[in-house]
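Here's the structure we're looking at; comments come further down.
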Amino acid sequence: MTQTVARFKVDYYQFLKPDGTLVDDRQAPQVARDFDRLVELYELMSLTRVFDAKAVALQRTGQLGTYASSLGHEAAHVAIGAAMKHEDCLAPMYREYAAQFYRGVKMSEVLLYWGGDERGNNFSGPEHDFAWCVPIATQCLHAAGAAMAYKLKSEDRVAVSVVGDGGSSKGDFLEAINAGSAWKLPLVLIIMNNQWAISVPRSKQNTAATLAQKGIAAGLPSMQVDGNDLIACLWVMDNAIEAARSGRGSFVIEMITYRLSDHTTADDARRYRPDEEVEEAWEREPLKRLRTYLVNNGVWDEDKEEALLAECREAVDAAVEDYLDMVENNPQPVTAMFDHMFAELPHDLIEQRREAQRHEQEGGQL
Amino acid sequence: MTQTVARFKVDYYQFLKPDGTLVDDRQAPQVARDFDRLVELYELMSLTRVFDAKAVALQRTGQLGTYASSLGHEAAHVAIGAAMKHEDCLAPMYREYAAQFYRGVKMSEVLLYWGGDERGNNFSGPEHDFAWCVPIATQCLHAAGAAMAYKLKSEDRVAVSVVGDGGSSKGDFLEAINAGSAWKLPLVLIIMNNQWAISVPRSKQNTAATLAQKGIAAGLPSMQVDGNDLIACLWVMDNAIEAARSGRGSFVIEMITYRLSDHTTADDARRYRPDEEVEEAWEREPLKRLRTYLVNNGVWDEDKEEALLAECREAVDAAVEDYLDMVENNPQPVTAMFDHMFAELPHDLIEQRREAQRHEQEGGQL
Amino acid sequence: MTAITLIEGVTMALARAMEEDPSVVVLGEDVGVNGGVFRATAGLHERFGDDRVIDTPLAEVMIAGMSVGMSTQGIKPVAEAQFCGFTTPMLDHIMNHAARLRNRTRGRMSSPMVLRFPTGGGIHAPEHHSESPEALFAHTPGLRVVMPSSPSRAYGLLLAAIRDPDPVVFMEPKRIYRWVKEEVEDNGEELPMDVCYTLRDGDDITLVSWGAMIKETLQAADQLEAQGLGVEVIDVATISPLDMDTIIESVERTGRCVIIQEAPRHCSVASEIAAGLADAGIWHLQAPVKRVCGYDVTMPLYRNEMKYMPSVQRIVDAAQQVLEVS
Amino acid sequence: MTAITLIEGVTMALARAMEEDPSVVVLGEDVGVNGGVFRATAGLHERFGDDRVIDTPLAEVMIAGMSVGMSTQGIKPVAEAQFCGFTTPMLDHIMNHAARLRNRTRGRMSSPMVLRFPTGGGIHAPEHHSESPEALFAHTPGLRVVMPSSPSRAYGLLLAAIRDPDPVVFMEPKRIYRWVKEEVEDNGEELPMDVCYTLRDGDDITLVSWGAMIKETLQAADQLEAQGLGVEVIDVATISPLDMDTIIESVERTGRCVIIQEAPRHCSVASEIAAGLADAGIWHLQAPVKRVCGYDVTMPLYRNEMKYMPSVQRIVDAAQQVLEVS
Ligand SMILES: Cc1ncc(C[n+]2csc(CCOP(=O)(O)OP(=O)(O)O)c2C)c(N)n1
Ligand SMILES: Cc1ncc(C[n+]2csc(CCOP(=O)(O)OP(=O)(O)O)c2C)c(N)n1
Ligand SMILES: [Mg+2]
Ligand SMILES: [Mg+2]
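Respectively, the protein sequence lines represent chains Y, B, V and E. FYI, the numbering for the first sequence is 16 to 381, going by my numbering. FYI, the numbering for the second sequence is 16 to 381, going by my numbering. FYI, the numbering for the third sequence is 13 to 338, going by my numbering. FYI, the numbering for the fourth sequence is 13 to 338, going by my numbering.
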């Protein structure tokens, strides 16, 4: 005898179409009418895009190390930042700058990090936020741990983590989902599906209809959202975070977007994906549609746009200056690699630190 | 706008009720009428149970190391063995003796293994079958790799792996599911949900309705089956394995059973679970219901039962003798720990091997 | 004050630490109601409840990763790996995060957590239950690695580990969990985590070991002393940072050193100690530095495990070889 | 025959092995159409197709575990970890299965697979891209560990690794992927995986190193030779099993030894070599054995990475210190 014992579904959310009009005026959520918030976030998205172009340029001219661009992810990223409270905890992967800017991380700190200086990780964002995380998907378990800490301490805080379409294949992410379910943790796990994991397309990660359904594995509410639609991202994130905060457990959200840039500046995406795909993806990018929407609703115009871009360029230039000043005029001494290993330097490192210092003074360089 | 983009379900299969009658005569699958097969498997289940009791007794008298009993899992285990072809590959956890016996592993080899002698892993089952696997869930990826090998070589073979309710929380299992989906591997993954992972109950692994739904994460057909119902287990396994063999990808099957014994002989389950739960579980155990069914259908009786048990005891006693003879009269020399490390012993081990040999001759013992 | 075993020292330290610091939580597989497969957490669940003594799903990556996460947010996780062989899936989070968080963030964050687990062979356990992976942890910058060999050191060092502001790997030599009893006062006094412990003084030879091999090392010392020799026995106990000074100071007097460990030899802690002697200790050496180790093979299943581990005889032989050199 | 770089030696060996043995498959993240992030597998996908050059989902545990599985069923996986730092999640399957399968089953099964990955610092990469974890693998019984430092050794040793019936960890020093070009004939000839390679003869001092540090070691040797000293330079190349004989034979002549590695010092390969000298080589030593290593700290982000790694100056200093002893 057969008996169906469980049923599940994945819903997809989109409110703002690529052409900048609402899918359905009557069904649009309240946030679609919160123009102050939308304009504020549009400005941050724009700043992020200007920053991004500058960072790539810095790398091309040898002033920055490898850099991972966030081009095309701005709506999704900014929504993550905007939906969180300061006391919530963000465990990012490595390109969610807009979320971090919203939370207080400075552009110069992002540059410091990619500029090969650990001080970038000692950023101005919430001090309980995690730094950028290179080992893919490991951050998801750190977020689960943070959520567990909040739960144990009865604090009304939520942990949020982001993983890529590629990273969602990794056991760390899948175990984090399970942990969220096991302890009903205040945890929001976001799969940033930008269709590519370096050169590996989404279709090679697995053959499932969605990535969101990974949450079903552990019985978590799981949904897809148009990651280029700020309104949908905000709506989904606001709801998930507040539900998590109020004790309703963990959520899995797949944000569907597109990596418009190379994977990082060390990558050349033309080697593995057709130009047409990228061109087509540009049609759906998040800034243009939001701008159209704001213009259509009379809260944005050409002048504002021009002023904003000028402002962004200025802010970015100032950040670059701060960054370069830091690494050129105030570089870390060799001893910095010792001084943060432990709260108190153990005896063996005291000796090695002395040796390193001596060598630096002798100008010892490779 | 919301749009449902994917729907899933988990079905549960049961044909033979705990009281030994069919749930529904008309819906019973053909195998329910294949009495030759059912009797053969009943005999093997019985043998396994006799073996199991003996192994526990050996451990209690110091003649065997820690032993993991299979008490209560006999139907599920035997169905796994019976559904597979010789050329298929089994990657077991550590208690699926009945599956392995069906595939040619000798009882004396199981004893050798738990008796602390690697020769038990060099067993008489298919030489491409994996040995018992201690690091929980890792075997699932070995099975995925085997399935990949068969696929690459265009061989019509299926890999089968078993993991526990506890083990199903581990990234290895979850990554194996994903691999099965990514490459449409001929892979059948079985979650042997016996309600306990040592002292941790199923409910603490996660709060999902089923464990089967983990397969949905990667879009695999996923189902639950009464793991104490041989007919249902056979039907589900037969179908999954043949579907996998014919190119229809991977399957996730949750078999619901109960660990009637302690976790291993090193465990005392009374510390963490109530007697009533165990007593209640005995009501659903697999042998009795199958025996009733066979008796009701006129293919089994008291005499046969008695003869079978006598036969089983004899076979088990012979196996114990073989085992004891092996470890007592033909123990592995100290050099055995060197001789299988590499196809050819590297120079550093040649020296160490000599040293070990010298010490053994000197009678060097701790 | 009663006489307790090493594992009781562990339990006593856990209880003490949980009592004095509400942020301390114990987590792992079967650590709750069951009290741990070796009973190291026995009684803690009853005493401190579900929120402080946490049974986890069966997922080591998760245990390690969540411990890192918790440790950054004001919780002090004392995570248990059920056996040494199951720490391997934890290495990613331990090596790549716990050991690095403070340095990565220039001190903004840190990962004060303890990973404790039973280690070593000799209890007739299955595969992966009997390994000695201390070198893997000790090779990783940013970790402290500790292995006590007595009830009092188990108590004092575990307290120190839990109170330490950085991640500590605390390895428990399970073969001697119940070897000896010792009077240990539950006074909350920790022991330093950066010194070796000299168990016996002697001027003819230095035997260096740690963990369960201290047992055979002391027995070998007995045999050598019966021959009228002065044997210094050093329990390394704190493997990282390694207190080479104490060892070199001893070898300065004895001129001879044998290092005993259960782990395989290649690139091991014993190698590190010998290398330290080949550098700063070279002028004191009157004989080759011998390492008596597990062989460089997989720990055998239990019928042959004792033949894998250094025996008293092998230690005595090595010592005599070293002593014969004049 | 054309002059090729080290990484081209890798690619040439991969192509050769795939050509001669249809069971060889290459798998990993971005190894397919993209040809690997360093281009080590460039051209292979075009030439051998989807079934032989396999892009995997992003899951290192899976890559390692499936490679073990495949290797037992007649496929020879050559798995790539994209960077050294991402081998950590693979350790469980490599240490607990690949290294053990043959022994576990008394030879019934084995795990002939290769795990290859770029290692070491100096290319201005992000965190976790610049580590030198050879000691972790070398400490594990059952694994061969190889690290070439020249195009010809990359070619010959990788061929040997792929043809070997047991698991081999093949580490590629990415800083010197394109350092020198060398004429290497694609003749299918493998090199032995159990000997050190002596790059220069000399009677005053022995410098022992491997991987990318061979570059600085040779430069240090140049400086020392300019002072009229005879410098023997040994490229260990095959870290496990370690050919101590060649090293001891050299030190027998020179009496002095400096070991240079990028990895941190504690419980490292350098420690093993020094320990070997403290034992079997003790009577030849005329001076302390010095190890010039990465410091026992986390590899810094790129602005300071060169200050972490042994510089030519540090090597020369150590050599001079050792040479001063009379
Ligand atoms: C564990 C691990 N493996 C491999 C890498 C190398 N790597 C860096 S980014 C990346 C692809 C990530 O793709 P995805 O998860 O989709 O995120 P995206 O970069 O597209 O945002 C890979 C393979 C890594 N950083 N960590
Ligand atoms: C990776 C790993 N962690 C921990 C253990 C110790 N251990 C052995 S069996 C077991 C419980 C397994 O429970 P489950 O997966 O439900 O299988 P069952 O024993 O119930 O059949 C544990 C924790 C192990 N063998 N491997
Ligand atoms: Mg992606
Ligand atoms: Mg179970």
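Every residue, glycine too, gets a C-beta built ideally from N, C-alpha and C.
| Asked | Found |
| --- | --- |
| Buried or exposed (CB count within 10 angstroms, at least 16 for buried), VAL334 of chain E | buried |
| Any chain E beta carbon closer than 9 Å to LYS185 of chain Y | yes |
| Contacting positions in the stretch 217-239 of chain B - beta carbon closer than 7 Å to chain Y | LYS219, GLN220, ASN221, THR222, ALA223, ALA224, THR225, GLN228, LYS229, ILE231, ALA232, ALA233, GLY234, GLN239 |
| Sequence ranges, alpha helix (DSSP H) only - wholly within the stretch 33-68 of chain E, length at least 4 | 56-60 |
| Those residues which DSSP pairs with THR131 of chain E across a bridge | E:PRO185 |
| C-alpha gap between ILE412 of chain V and LYS193 of chain V, whole angstroms | Shown here, chain V extends from 13 to 338; a query on residue 412 of chain V therefore has no answer. |
| PRO204 of chain V: contacting residues in chain Y (beta-carbon distance under 9 Å) | Chain Y residues near PRO204 of chain V: none, gap ~11 Å exceeds 9 Å. |
| Closer than 9 Å to chain E by CB, ARG51 of chain V | no |
| CB contact below 9 Å: THR14 of chain V versus chain E | no |
| Local Cβ density within 10 Å of GLY47 of chain E, reported as buried at 16 or more and exposed below that | buried |
| Continuous beta strand (DSSP E) stretch holding GLY179 of chain Y: start and end | 174-179 |
| Within 9 Å, strictly: CB atoms of ASP337 of chain Y and LEU313 of chain E | no |
| CB of TYR209 of chain E within 9 Å of CB of ALA25 of chain E, strictly | no |
| heavy atom of ligand 2 below 8 Å from GLU92 of chain V C-beta | no |
| Expected contact under 8 Å - CB spacing of VAL339 of chain V and HIS105 of chain V to nearest Å | The structure shown does not extend to residue 339 of chain V, since chain V is modelled only from 13 through 338, so no value can be given for it. |
| Nonlocal neighbours in the same chain, by C-beta distance under 8 Å from ALA93 of chain V, ignoring five residues either side | GLY40, GLU72, ILE75, THR99, MET102, LEU127, ARG128, PHE129 |
| Check whether ILE358 of chain Y and ARG315 of chain V have beta carbons under 9 Å apart | One point to set straight first is that residue 358 of chain Y is Ala, not Ile, in the sequence displayed. Result no, Cβ atoms of ALA358 of chain Y and ARG315 of chain V do not sit closer than 9 Å. |
| ASN193 of chain B versus B:ARG41, B:ASP180, B:ALA158, residue with shortest Cα-Cα distance | B:ALA158 |
| Near-chain Y residues of the stretch 25-36 of chain B - C-beta to any C-beta below 8 Å | VAL25, ASP26, TYR27, TYR28, GLN29, PHE30 |
| N- and C-terminal bounds of the alpha helix (DSSP H) containing MET74 of chain E | 72-83 |
| Heavy atom of ligand 1 within 8 Å of ASN136 of chain Y beta-carbon | no |
| Rounded C-alpha distance that separates TYR82 of chain B from TYR165 of chain Y | 41 Å |
| Close Cβ partners of THR225 of chain B (< 7 Å) along its chain, the five nearest in sequence each way excluded | VAL25, GLN239, GLU269 |
| CB contact below 9 Å: LEU335 of chain E versus chain B | no |
| Interface partners of ASN243 of chain B on chain Y, CB under 7 Å | Those do not exist, as ASN243 of chain B stays about 15 Å from chain Y at its closest Cβ, beyond 7 Å. |
| Cβ-based neighbour list, MET341 of chain E, same chain, cut-off 6 Å, excluding 5 preceding and 5 following | Past the edges of chain E, shown from 13 to 338, lies residue 341 of chain E, and the structure says nothing about it. |
| Cα-Cα separation, ALA371 of chain B to VAL215 of chain B | 42 Å |
| Of the residues B:ASP39, B:GLN228, B:ILE213, B:VAL149, the one placed nearest TYR273 of chain B, counting alpha carbons only | B:ILE213 |
| From B:GLN18, B:TYR128, B:GLN29, B:LEU204, residue whose alpha carbon lies closest to that of CYS104 of chain B | B:LEU204 |
| MET107 of chain E Cβ short of 8 Å to ligand 4 heavy atom set | no |
| Outcome for LEU156 of chain Y when other beta-carbon atoms lying within 10 angstroms are tallied against a minimum of 16 | buried |
| Neighbourhood of ligand 3 [Cβ distance below 7 Å to any heavy atom], ordered by chain position | Y:GLY179, Y:ASP180, Y:GLY181, Y:MET207, Y:ASN208, Y:ASN209, Y:GLN210, Y:TRP211, Y:ALA212, Y:ARG274 |
| Classification of TRP198 of chain Y by the beta-carbon crowding that lies within 10 angstroms, buried from 16 upward | buried |
| Cβ neighbours of GLU197 of chain E in the same chain (closer than 6 Å, five flanking residues each side left out) | MET13 |
| Residue environment, ASP33 of chain V, which counts as buried when at least 16 other CB atoms sit within 10 Å | exposed |
| Segment contact flag, the stretch 133-152 of chain V with the stretch 275-284 of chain V, C-beta cutoff 8 Å, min 3 pairs | yes |
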